[in-house]
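Numbering (our numbering), first residue to last: 3 to 91.
For every residue, glycine included, the Cβ atom is placed at its ideal position computed from N, Cα and C.
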Amino acid sequence: MIRAFQVSDGRGAALQDEAIWHRFGQDLRGVILGQVSARELIKRLRRDLLAKPVPAAGEIQTRVEFDNLVSDRYTVIDIRAHDRLDSCT
Numbered sequence: 003m004i005r006a007f008q009v010s011d012g013r014g015a016a017l018q019d020e021a022i023w024h025r026f027g028q029d030l031r032g033v034i035l036g037q038v039s040a041r042e043l044i045k046r047l048r049r050d051l052l053a054k055p056v057p058a059a060g061e062i063q064t065r066v067e068f069d070n071l072v073s074d075r076y077t078v079i080d081i082r083a084h085d086r087l088d089s090c091t
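Right, here's the structure in full:
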């Protein structure tokens, strides 16, 4: 069960821009209602992302941490990794 999920920007800071979350909500609603093709949405967003500068290698290191001390009932897993885009064929 996922109790908390954080989306971070390319620098590792929590993504808190309301405009981005509003756009995400609209896109998700459109996909769920069948008004927008998920494949086409991903292709469009992928083009937008690829137009932006890519962080230099090593700026974001993949890290997985397990913590059994912060909860008596659950294991907390913290995963930090750079997003990877795959081809949309």
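Taking residue i as part of the alpha helix (DSSP H), name the residues at either end of that continuous run.
i          : result
residue 25 : 20–34
Excluding sequence positions up to five away, which residues of its chain have a Cβ less than 6 Å from the Cβ of residue i?
i          : result
residue 69 : 78
residue 66 : 81
Can you give me the Cβ contacts of residue i inside the same chain, cut-off strictly under 7 Å, excluding the 5 residues immediately before and after it?
i          : result
residue 10 : 16, 17
Just curious, the beta strand (DSSP E) that residue i is in, first and last residue?
i          : result
residue 78 : 78–82
Residue i bridges to which residues according to DSSP?
i          : result
residue 65 : 82
residue 15 : DSSP, once it has assigned bridges, lists no residue as partnering residue 15.
residue 10 : 16
Identify whether residue i lies in helix, strand or coil by the three-state DSSP scheme.
i          : result
residue 90 : The predicted model places residue 90 with a pLDDT of 49, which falls under 50 and marks its position as unreliable, so this point remains unresolved.
residue 47 : helix
residue 41 : helix
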